[in-house]
Amino acid sequence: MFEYAPAPESRDIVDIKPSYGLFINGEWVEPQSEERHKTVNPATEEVLSEIVWAGEADVDRAVEAARKAFATWSAVPGSERAKYIFRIARIIQERSRELAVLESLDNGKPIRESRDVDLPLVAAHFFYYAGWADKLSYAGFGPDPRPLGVAGQVIPWNFPLLMLAWKIAPALACGNTVVLKPAETTPLTALAFAEICRQADLPPGVVNIVTGAGETGSALVRHPGVDKVAFTGSTEVGRLIARSVAGSRKKLTLELGGKAANIVFEDAAVDQAVEGIVNGIFFNQGHVCCAGSRLLVQESVAEEVLDALKRRLATLRMGDPLDKNTDIGAINSAAQLAKIRELSEAGESEGAERWSPPCPIPDRGFWFPPTVFTGVAQSHRIAREEIFGPVLSVLTFRTPAEAIEKANNTPYGLSAGVWTEKGSLMLWAASRLRAGVVWSNTFNRFDPASPFGGFKESGYGREGGRHGLEAYLAV
Amino acid sequence: MSERLAVRKTYKLFIGGAFPRSESGRSYVVTSSKGDFLANASRASRKDARDAVSAARKAFPGWSGATAYNRGQVLYRVAEMLEGRRAQFAAEIADAEGVGARKAGELVDAAVDRLVWYAGWSDKIGAVLGSANPVAGPYFNLSSPEPTGVVAVVAPPLGSLAGLVGVIAPVIVTGNTCVVIAPERAPLPSITLAEVLATSDVPGGVVNILTGSAAEIAPWLAGHMDVNAVDLAGADPDLAVTCEELAAENLKRVVRPPAAPVDWLADPGTDRMTAFLETKTVWHPIGT
């Protein structure tokens, strides 16, 4: 591996306050809750700031503000709503370097990804849905589709600002108002977004940001003043939310876990497939619900693919997320690191063979090296459970029918990958995979125009594209 | 000369294309709207519900893999067979709902017409809901609807045939299979419909019909891990909450009971089809 000199992106561009309040009705307000917690840089464990864990009274205040704002915001003509959202998109583009650095600091993801993937997609998402705001009557949901009201939105820590964009952009375009809770370990870009709403002169109460952990989220989704609940996160929490809205008229969309199969057929272009496998599971440290965490490789090419994969993994650089050469950043939290370790140990104890490239681990922070398990059986925990880390489980198959059988042998159904040079085989496989997104000869591609969401226990509803509007309209 | 003694019909369950009695051996008395004895119907048990789910699951690959044209033809065939039994259905509806012969006939006609309407959707819904998405990169990107899987349906209590067709047709036309709990008080048209389905080229297991108590059977289906969705059209509020909570266990798609009574004779729109469809998006690079 070539030695590269460090090339860190400067963090001077960000201005992090020592503590933050809640963003309610267009203002920073002091919370009633006295619970405050620190958010740290997972690469160094350095404390970045202190945030509130909002209580029921705080959530109530935010929902109240959103309710009040709904009356006026839903009456704003679509063409005017569109202009606010376009404004937001532009401000994000203008401040994208700052937001990328902030995201990498708080989340641990490499700057290369926050700068080249997250932020461009965030801006594009607002830009895309801004254009829908005055065209809803052409979207196929009737001549005059109406908004739902107040959307309570709870998002995860893996793509903090991107998940915010996926939630807020369509909600506002359809005329809803929003109370959003970012994840407790990655609140900073959502709080920066609150400032962006002010810069855009968005009317007060249209977007409210309440920070906190599970209890804050629970108070939000259970609040009787919420008409719509949107959640991205674990299947376990998704179940609790689905149960909690039972018997209400709240509309619910859930984007939950996955255990995607990435299928490599024997005629695949090996070098391209290896790049796709790496991107599939090591992108964002594997903190991706649609990660290609199960590699299914045809037996006849398994050795060749695995050799090439191991050679490629030896060239990945793990370390400082702000270094522009870094491929793999830090694990987001100590808790997540413990979970990845626990499952990896289960993989070994259940009999799979563990391999990692030589990979120096920094002294401080939360780190886990890229890891490949071979000899994995379908019954192993590492083949069934979502690890949400840089851990790949390799299984083999002999026939296309066996590949599909194994790929679908999971309660999840979010995504899948297919690698083959044969068009008819690709379409055959894609039609049989029970997954909401199928990437063929590519992986982990996202676009605001492309609907995203799962089958089965990966949740319901779609985000992105025309389909994504349905979640925020009374249809 | 004595009057000829009528041969009474035994109404059984409809599971996997066959007509078994409940394995529990239970039955219950079905009366007309005036309280006269009509028949004994089977009272389905948990085991029957589970058998019905496994029949529906078994039928799913074939039915969802059939061409849309084929599914449309099969649904149209159901309409033809229903039309042929118009008199029988009209008599059963008149008994069950206490409506006059003319009204009962109209209700049968509405059910036939609704089947014809849905039959035509089989090869059009994909064009209406699907899309080629203009992503910002060299990729072909196509979204298309696919059936959710096995759907459990609590049929609406009234409008016994139009309501029944109104909940079954939209589920199966797109490739789902289903287990239907017939209206408890008026289950007979459901079983007669099963006889129509059994002779209409609908593969066994695509539609399974259980008679008995919705309060007893629906929770088993709502909590069943191999059911993908529940339609609570005919569930009362308490049952609906119970079922929705149980459905959360494997994240079933849930259609809640309607907020206001449904007019099953009015244009239903596409909602009952879209509720049981998943959007699949396929990406492929474009290049030389």
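If you read the sequences in order, they're chains A and B. Here the first sequence stands for residues 1 to 475, where the numbers follow our numbering. Here the second sequence stands for residues 476 to 763, where the numbers follow our numbering. Even for Gly, the Cβ is constructed at its ideal location relative to N, Cα and C. What you are looking at is a predicted structure, and each value in this text was computed from that prediction instead of being measured.
Please list the partners that residue i has in chain B, where partner means a Cβ-to-Cβ separation under 7 Å.
i	result
P437 of chain A	The residue asked about is misnamed: residue 437 of chain A is Val in this sequence, not Pro. Those are T756, listed as they occur along chain B.
P451 of chain A	S618, T754, T756
So, does the CB of residue i fall closer than 8 Å to a CB anywhere in chain B?
i	result
G459 of chain A	yes
L469 of chain A	no
A242 of chain A	yes
F455 of chain A	yes
R445 of chain A	yes
N279 of chain A	no
T374 of chain A	no
N325 of chain A	no
S49 of chain A	no
R239 of chain A	yes
G465 of chain A	yes
A124 of chain A	yes
A171 of chain A	no
R112 of chain A	no
A430 of chain A	yes
Compare the C-alpha of residue i against each of the options and name the closest.
i	options	result
W157 of chain A	A:S79, A:T232, A:S244, A:S218	A:T232
V648 of chain B	B:G500, B:Y544, B:V482	B:Y544
R341 of chain A	A:T326, A:P357, A:L316, A:P390	A:P390
R479 of chain A	A:A314, A:S393, A:K324	As displayed, chain A neither begins before 1 nor continues past 475, which places residue 479 of chain A out of reach and without an answer.
D227 of chain A	A:A246, A:E236, A:A165, A:V210	A:A246
A637 of chain B	B:E581, B:K522, B:T674	B:E581
F751 of chain B	A:F455, A:R384, A:E94	A:F455
E720 of chain B	B:L663, B:A481, B:S520, B:A693	B:A693
R384 of chain A	A:Y412, A:T371, A:W367, A:C359	A:Y412
I168 of chain A	A:G258, A:Y129, A:V210, A:A302	A:Y129
P736 of chain B	B:L696, B:P631, B:V729	B:P631
A401 of chain A	A:L296, A:F373, A:D447	A:L296
T374 of chain A	A:E386, A:R294, A:F282, A:G423	A:R294
D12 of chain A	A:L322, A:E27, A:G238	A:L322
A7 of chain A	A:E30, A:R81, A:V76, A:P110	A:P110
R819 of chain B	B:L513, B:L488, B:G537	Coverage of chain B is limited to positions 476 through 763, which leaves residue 819 of chain B absent and any answer about it impossible.
T623 of chain B	B:V654, B:R728, B:S529	B:R728
L162 of chain A	A:L121, A:S137, A:V274, A:A133	A:L121
S529 of chain B	B:V549, B:S606, B:P712, B:M700	B:M700
G762 of chain B	A:E64, A:E94, A:T442, A:V59	A:T442
V654 of chain B	B:D706, B:P664, B:Y614	B:D706
I382 of chain A	A:G276, A:P360, A:A346, A:H467	A:A346
G152 of chain A	A:A338, A:L254, A:A273	A:L254
List the residues of chain A that residue i touches, going by C-beta distances under 8 Å, in chain order.
i	result
A527 of chain B	None at all; the shortest Cβ gap to chain A is about 20 Å.
V716 of chain B	A246, G247
Compare the C-beta of residue i against all C-beta atoms of chain A and say whether one is closer than 8 Å.
i	result
R728 of chain B	yes
S618 of chain B	yes
V610 of chain B	yes
P774 of chain B	Nothing can be reported for residue 774 of chain B: it is not among the residues displayed for chain B, which extend from 476 to 763.
E753 of chain B	yes
Y544 of chain B	no
N703 of chain B	yes
Y774 of chain B	Residue 774 of chain B is absent from the structure shown; chain B starts at 476 and stops at 763.
Find the residues of chain B that neighbour residue i, judging by a C-beta separation of less than 9 Å, and give them in chain order.
i	result
P411 of chain A	M700, N725, L726
Closer than 7 Å by beta-carbon distance: list the chain A residues that pair up with residue i, in chain order.
i	result
E719 of chain B	A246, G247
By the criterion of Cβ-Cβ separation under 8 Å, what are the contact partners of residue i in chain B?
i	result
S440 of chain A	V757, W758, H759
R462 of chain A	T754
Taking only heavy atoms of the ligand NAP into account, decide whether any of them is closer than 7 Å to the Cβ of residue i.
i	result
S508 of chain B	The ligand NAP is not part of the structure shown, which contains no ligands of any sort.
Anything in chain A within Cβ reach of residue i, meaning under 9 Å, just list it in chain order.
i	result
Y551 of chain B	Ordered by position in chain A, no residue passes the 9 Å Cβ test against Y551 of chain B, which lies about 25 Å from the chain.
Extract the residue ranges of the alpha helix (DSSP H) inside the stretch 265–334 of chain A, only unbroken runs of 4 or more that lie entirely within it. Taken in chain order, the whole alpha helix (DSSP H) runs of length 4 or more contained in the stretch 265–334 of chain A are 270–282, 302–313.
Ignoring anything shorter than 4 residues or poking outside the stretch 158–207 of chain A, list the alpha helix (DSSP H) runs there in chain order. With a minimum length of 4 residues, the continuous alpha helix (DSSP H) runs that stay inside the stretch 158–207 of chain A are 160–173, 188–199.
Taking any Cβ of chain B, which residues in the stretch 271–295 of chain A have a Cβ under 8 Å from it, in chain order? Hits within the stretch: zero.
Residues of the stretch 567–594 of chain B with a CB closer than 7 Å to any CB of chain A: list them in chain order, please. Cβ proximity to chain A below 7 Å picks out nothing from the stretch 567–594 of chain B.
Restricting to runs no shorter than 3 residues, where is the beta strand (DSSP E) found entirely within the stretch 24–110 of chain A? List check, beta strand (DSSP E) in window: 27–29, 36–40, 47–52.
The stretch 379–408 of chain A: which residues have C-beta closer than 8 Å to a C-beta of chain E, in chain order? Included in the structure are the protein chains A and B, with no chain E among them.
Contact list for the stretch 254–266 of chain A against chain B, Cβ threshold 9 Å: Contact residues of the stretch 254–266 of chain A toward chain B are L254, L256 (C-beta to C-beta distance below 9 Å).
At which residue ranges does the stretch 575–642 of chain B contain complete beta strand (DSSP E) runs of 3 or more residues, listed in the order of the chain? Listed in chain order, they are 614–622, 625–629.
Between the stretch 642–675 of chain B and chain A, which residues of the former have CB atoms less than 7 Å from a CB of the latter, in chain order? From the stretch 642–675 of chain B, no residue has a Cβ closer than 7 Å to chain A.
Check each residue of the stretch 490–519 of chain B: if its Cβ is closer than 7 Å to any Cβ of chain A, include it; give the result in chain order. Of all residues in the stretch 490–519 of chain B, none places a beta-carbon less than 7 Å from a beta-carbon of chain A.
Taking only runs that begin and end inside the stretch 357–443 of chain A, name each unbroken alpha helix (DSSP H) of 4 or more residues, in chain order. The stretch 357–443 of chain A contains these whole alpha helix (DSSP H) runs: 381–384, 400–407, 423–432.
What residues from the stretch 597–608 of chain B come within 9 Å of chain A, judged by C-beta to C-beta, listed N to C? Taking 9 Å as the Cβ-Cβ cut-off against chain A, the residues of the stretch 597–608 of chain B that qualify are V603, L604, S606, N608.
If we require 4 or more residues per run, which alpha helix (DSSP H) segments fall completely within the stretch 684–763 of chain B? Complete alpha helix (DSSP H) runs here, min 4: 689–697, 712–722, 746–749.
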